[in-house]
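*Asks:*
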Amino acid sequence: MTPTYMNIMLAFTISLLGMLTYRSHLVASLLCLEGMMMSLFIMATLTASNTHFPLANIMPIILLVFAACETAVGLALLISISNTYGLDYVHNLNLLQC
Amino acid sequence: MAYILFTLSVLLVMGFVGFSSKPSPIYGGLALTVSGVVGCVIVLNCGGGYMGLMMFLVYLGGMMVVFGYTTAMAIEEYPETWGSGLEVLGGLLVGLMMEVMLVLWVLSLNEAVVVVVGFSDTGDWVIFEGEGSGLIRGDSIGAGALYDYGRWLVVVAGWTLFVGVYVVIEIVRGN
Numbered sequence: 001m002t003p004t005y006m007n008i009m010l011a012f013t014i015s016l017l018g019m020l021t022y023r024s025h026l027v028a029s030l031l032c033l034e035g036m037m038m039s040l041f042i043m044a045t046l047t048a049s050n051t052h053f054p055l056a057n058i059m060p061i062i063l064l065v066f067a068a069c070e071t072a073v074g075l076a077l078l079i080s081i082s083n084t085y086g087l088d089y090v091h092n093l094n095l096l097q098c
Numbered sequence: 099m100a101y102i103l104f105t106l107s108v109l110l111v112m113g114f115v116g117f118s119s120k121p122s123p124i125y126g127g128l129a130l131t132v133s134g135v136v137g138c139v140i141v142l143n144c145g146g147g148y149m150g151l152m153m154f155l156v157y158l159g160g161m162m163v164v165f166g167y168t169t170a171m172a173i174e175e176y177p178e179t180w181g182s183g184l185e186v187l188g189g190l191l192v193g194l195m196m197e198v199m200l201v202l203w204v205l206s207l208n209e210a211v212v213v214v215v216g217f218s219d220t221g222d223w224v225i226f227e228g229e230g231s232g233l234i235r236g237d238s239i240g241a242g243a244l245y246d247y248g249r250w251l252v253v254v255a256g257w258t259l260f261v262g263v264y265v266v267i268e269i270v271r272g273n
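So the protein sequences, as listed, match chains P and Z.
Oh and the first sequence: position 7 is 7 in the working numbering, straight run, nothing missing.
Count along the second sequence starting at 1, add 98, and that's the number in the working numbering.
So this is what it looks like as structure tokens:
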């Protein structure tokens, strides 16, 4: 089971790196955030199945609930940015000017 | 088929590299959907039918559809795909090459050296007929216990979703 866990942790790290680097769009970073949540869900479900501990299946379900809330708020922010600037380009977000 | 779980996890990493190399978000959403399908099959291979189907419903059917609509609102005229620029293609190739080299290195560890990655077994499941009835699946029983031992957690999560909807409405309203 260890190489599978290694691959899933690697997928989480790749999504984390993708979220921390900006290219032009903001929604691409939100997609990488979704990828992180999905890899965490898969890892928690595999752990709960492999250790024969069904009660631990509660954790991925609640993780999915809060990830859905986070996605909704992130997309609402994206929509308000898109209403203000026309597109969700990251170089438009220069109100701080630092 | 042997080594199916390891192969599926390699495909999962490749799908994740596909959207982490940051193409235009509509193609990123496509790669995330494919990765979600592969991840659901991984969960199904370990006996988690309920959790895999819940991931399909909530994640792919709910959140990806919302992502697709939102991306369609905030997209440019010529979206860049994986082959239309050196940055995205370079990131994709570096990620795939890293995964291939990692797989080859892991497969070359013949002895059962348990450092962090011990390739003594690939982790595939073997079906055995041990228990009496196969009707009680573990993951659906565990998810059902959410409404028994985790009553307060269900109330908090439901209230969070409710307040989240109000937060979204207030953000989108603007002024």
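The beta carbon of each residue, even a glycine, is placed where N, CA and C say it ideally should be.
What you are looking at is a predicted structure, and each value in this text was computed from that prediction instead of being measured.
1) Count the CB pairs spanning the region 192 to 204 of chain Z and the region 63 to 78 of chain P that are closer than 8 Å, and state whether there are at least three.
2) Indicate whether at least one CB of chain Z lies closer than 8 Å to the CB of N106 (chain P).
3) Can you find a C-beta in chain P that's less than 8 Å from the C-beta of A255 (chain Z)?
4) Distance, Cα to Cα, F217 (chain Z) vs L75 (chain P)?
5) Since F154 (chain Z) meets chain P, which of its residues come closer than 8 Å, beta carbon to beta carbon?
6) Using DSSP with H/G/I as helix, E/B as strand and the rest coil, what is Y5 (chain P)?
7) Who are the near neighbours of I124 (chain Z) in its chain, counting only those whose CB is closer than 7 Å to its CB and skipping five residues on each side?
8) Verify whether the separation of the beta carbon atoms of C262 (chain Z) and M38 (chain P) is less than 8 Å.
9) Which residues does DSSP pair with Y89 (chain P) in a beta bridge?
10) Any beta carbon from chain P within less than 8 Å of T258 (chain Z)'s own beta carbon?
11) What is the residue span of the alpha helix (DSSP H) that I267 (chain Z) lies within?
12) Is A72 (chain P) helix, strand or coil by DSSP?
13) By the criterion of Cβ-Cβ separation under 7 Å, what are the contact partners of A170 (chain Z) in chain P?
14) With a Cβ-Cβ cutoff of 8 Å, do Y148 (chain Z) and S238 (chain Z) count as a contact?
15) Check for me: the alpha helix (DSSP H) holding T168 (chain Z) runs from which residue to which?
*Replies:* A quick look at the data gives this:
1) Fewer than three pairs of CB atoms, one per stretch, sit closer than 8 Å, so the region 192 to 204 of chain Z makes no contact with the region 63 to 78 of chain P.
2) Given a span of 1 to 98 for chain P in the structure shown, any question on residue 106 (chain P) remains unanswerable.
3) yes
4) With a pLDDT of 47 at F217 (chain Z), under the threshold of 50, the modelled position of that residue is not reliable, and no figure is offered here.
5) Within 8 Å Cβ-Cβ: nothing; F154 (chain Z) doesn't reach chain P, min ~12 Å.
6) helix
7) T169, I173, P177
8) Correcting the residue type first, residue 262 (chain Z) is Gly in the shown sequence and not Cys. Result no, Cβ atoms of G262 (chain Z) and M38 (chain P) do not sit closer than 8 Å.
9) P:H25
10) yes
11) It spans 249 to 271 - the alpha helix (DSSP H) in which I267 (chain Z) sits, taken as one unbroken run.
12) helix
13) The contacting residues do not exist; A170 (chain Z) stays about 11 Å from chain P at best.
14) yes
15) 162 to 171
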